[in-house]
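4 protein chains.
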Amino acid sequence: MAHLIREKKPLLARIRRIQGQIEALTRALDAETGCADVLMLIASVRGAVNGLMTEVMEDHIRHHVVDPATDPDPERARGAEELIEVLRTYLK
Amino acid sequence: MAHLIREKKPLLARIRRIQGQIEALTRALDAETGCADVLMLIASVRGAVNGLMTEVMEDHIRHHVVDPATDPDPERARGAEELIEVLRTYLK
Amino acid sequence: MAHLIREKKPLLARIRRIQGQIEALTRALDAETGCADVLMLIASVRGAVNGLMTEVMEDHIRHHVVDPATDPDPERARGAEELIEVLRTYLK
Amino acid sequence: MAHLIREKKPLLARIRRIQGQIEALTRALDAETGCADVLMLIASVRGAVNGLMTEVMEDHIRHHVVDPATDPDPERARGAEELIEVLRTYLK
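Those sequence lines, one after another, are chains A, B, E and Z. The first sequence runs 272 to 363 under our numbering. The second sequence runs 272 to 363 under our numbering. The third sequence runs 272 to 363 under our numbering. The fourth sequence runs 272 to 363 under our numbering.
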């Protein structure tokens with residue numbers, strides 16, 4: 272899919288960071304870290320997965336629906352811009 | 272932390288499944304899979320992370336707060352049981 | 272905003288249902304209903320608010336960005352269709 | 272349910288605030304306010320419903336499971352305290 276080729280590098284970097292967080296979680300379990308700390312690590316993985324979701328959705332809108340930066344129709348460009356802003360607020 | 276020692280094996284198995292899902296996601300990006308499929312893979316990672324969170328919270332309640340199966344106080348046992356049920360419903 | 276005028280009636284009906292659920296919640300508190308039941312009522316309000324959010328976002332995409340049913344560009348129509356499908360799955 | 276009697280007043284005040292937010296949302300739809308503003312109002316209702324959920328769960332833990340402030344067992348008190356903290360972080 273065209274847009275994911277262009278955006279692949281930052282997305283793979285994001286995924287590698289999530290893998291690093293999951294390895295930290297595995298180590299915390301192995302080291303018998305306190306339960307509250309383990310829960311906070313899991314909450315941070317969840318936040319990172321939500322961030323990845325938002326980024327892929329935003330890329331999808333820009334590359335497969337309407338790119339607010341280049342669309343010739345100003346109303347449609349504004350509609351796409353608003354949609355991206357709401358997704359960022361709502362999915363965080 | 273005592274409870275995570277006892278529950279470590281199933282939690283590590285859950286984490287390995289999440290790592291497998293993330294590898295599938297990396298391969299999907301490398302193979303330039305369609306964006307909608309990539310988004311569905313990310314949604315499934317998120318579901319699995321929520322499942323892990325719920326399981327660790329439930330283990331925490333059973334082992335560090337009140338275990339409904341063994342607590343001598345029936346009201347408190349029922350309160351803990353209800354809490355676990357609500358977490359399962361709400362965090363899924 | 273144009274699209275919300277057209278879609279106003281079903282959205283107001285949805286909001287009235289949420290208001291009804293909140294009144295049921297108030298009555299449950301007044302009647303000193305069990306805590307677990309109150310939590311389930313709150314969870315159902317949350318589900319209904321998520322449903323409203325998804326519907327307004329979907330209407331926004333159709334009316335201010337790209338309507339998959341009428342857009343002359345088939346790739347863009349498909350991109351918008353996929354986006355709506357992912358939002359429905361992800362925000363539920 | 273005992274704890275909801277004691278905590279009823281602040282919970283009803285919270286619910287009234289949510290009702291006020293929903294009335295603002297209805298007025299925004301009637302006034303044909305911009306879609307992005309309507310979405311932000313819905314997001315704020317959702318945040319308030321999550322806040323209500325967290326408060327009722329926290330009250331439930333304190334009154335029906337373990338109250339960290341008064342429980343004679345320090346380990347159990349700490350377990351309940353950690354659980355409340357995680358819920359506040361995770362459900363916000």
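From the three backbone atoms N, C-alpha and C, an ideal C-beta is built for every residue, glycine too.
Quick one: residues in its chain with C-beta nearer than 8 Å to the C-beta of T325 (chain E), no 5 flanking neighbours on either side, listed in chain order?
If you ignore the 5 residues before and after T325 (chain E), its C-beta comes within less than 8 Å of the C-beta of L358, R359, L362 and K363, all in its own chain and listed in chain order.
Taking the C-alpha atoms as reference points, what is the distance between Q292 (chain Z) and I286 (chain E)?
Approximately 11 Å, taken between the alpha carbons.
With 16 other Cβ atoms within 10 Å as the buried cut-off, status of P339 (chain E):
Classification of P339 (chain E): buried, given that the 10 Å Cβ count is 16 or more.
At least 3 beta-carbon pairs within less than 8 Å: the region 347-357 of chain B vs the region 325-334 of chain Z
Contact between the region 347-357 of chain B and the region 325-334 of chain Z is present, because at least three Cβ pairs lie under 8 Å.
Between which residues of its own chain and L323 (chain E) is the CB-CB distance below 6 Å, once the five residues before and five after are set aside?
Beyond the five residues adjoining it in sequence on each side, L323 (chain E) comes within less than 6 Å, by CB distance, of R285 in the same chain, given in chain order.
Residues in the same chain with beta-carbon distance under 8 Å from I313 (chain B), minus the five sequence neighbours each way, listed in chain order, please.
Result list for I313 (chain B): L296, in chain order.
Exposure of A299 (chain E), with buried meaning 16 or more beta-carbon neighbours within 10 Å:
By the C-beta density criterion, A299 (chain E) is buried, having at least 16 other C-beta atoms within 10 angstroms.
Would you give the residue range spanned by the alpha helix (DSSP H) that H331 (chain Z) belongs to?
Run containing H331 (chain Z): C306 to H331, per the alpha helix (DSSP H) assignment.
Interface residues of chain E around M328 (chain Z) at Cβ under 8 Å?
Simply L310.
Please tell me whether V357 (chain E) has its Cβ less than 8 Å away from any Cβ of chain B.
The beta carbon of V357 (chain E) sits closer than 8 Å to some beta carbon of chain B.
Counting only the same chain and skipping the five closest in sequence on each side, list residues whose C-beta sits under 8 Å from that of V309 (chain E).
Excluding residues within five positions, the ones whose Cβ falls inside 8 Å are L296, A299 and L300.
How many angstroms separate the CA atom of E278 (chain E) from the CA atom of E303 (chain Z)?
Near 11 Å, if we compare the C-alpha coordinates of E303 (chain Z) and E278 (chain E).
With C-beta atoms as the reference, is R347 (chain E) less than 8 Å away from N321 (chain Z)?
N321 (chain Z) is positioned such that its CB atom lies no closer than 8 Å to that of R347 (chain E).
Please report the straight-line C-alpha distance between R349 (chain E) and L282 (chain E), rounded to a whole angstrom.
Distance from the CA of R349 (chain E) to the CA of L282 (chain E), rounded to the nearest whole angstrom, comes to 26 Å.
Neighbourhood of V337 (chain B) by C-beta distance below 6 Å, restricted to the same chain and skipping five residues each side
Result list for V337 (chain B): R347 and A351, in chain order.
In whole angstroms, what separates the C-alpha of R288 (chain A) from that of E294 (chain A)?
Near 10 Å, if we compare the C-alpha coordinates of E294 (chain A) and R288 (chain A).
How would you label D342 (chain E), buried or exposed, when you count the other beta carbons within 10 angstroms and need 16 or more for buried?
Buried.
Taking C-beta pairs closer than 7 Å, name the residues in chain E that L300 (chain Z) reaches, listed in chain order.
Chain order gives the chain E residues near L300 (chain Z) as L275, K279, L282 and L283, where near means a beta carbon separation below 7 Å.
Could you check the C-alpha separation between V327 (chain B) and S315 (chain Z) for me, to the nearest Å?
Between V327 (chain B) and S315 (chain Z), the alpha-carbon positions lie close to 29 Å from each other.
In chain C, which residues lie less than 9 Å from I332 (chain Z) when you measure between Cβ atoms?
Here chain C cannot be found, since the structure's protein chains are A, B, E and Z.
So, at 8 Å on beta carbons, what are the nonlocal neighbours of M311 (chain A) in its own chain, with the 5 sequence-adjacent residues on each side left out?
Excluding positions up to five away in sequence, the list is empty.
Unbroken alpha helix (DSSP H) run spanning A348 (chain A), endpoints
A348 (chain A) -> alpha helix (DSSP H) spans P345 to L362.
Quick check: what's the CA-CA separation for A307 (chain Z) versus A319 (chain Z)?
Rounded to the nearest whole angstrom, the CA to CA distance from A307 (chain Z) to A319 (chain Z) is 19 Å.
Kindly say whether A340 (chain Z), judged by its beta-carbon, lies nearer than 8 Å to any beta-carbon of chain A.
Not one chain A Cβ lies under 8 Å of A340 (chain Z).
So, is the C-beta of M272 (chain Z) closer than 8 Å to a C-beta in chain E?
Model confidence at M272 (chain Z) stands at a pLDDT of 47, short of 50, so the residue's coordinates are unreliable and nothing is read from them.
Does DSSP put T341 (chain E) in a helix, in a strand, or in coil?
In the structure shown, T341 (chain E) sits in coil (DSSP, three-state: anything other than H, G, I, E or B).
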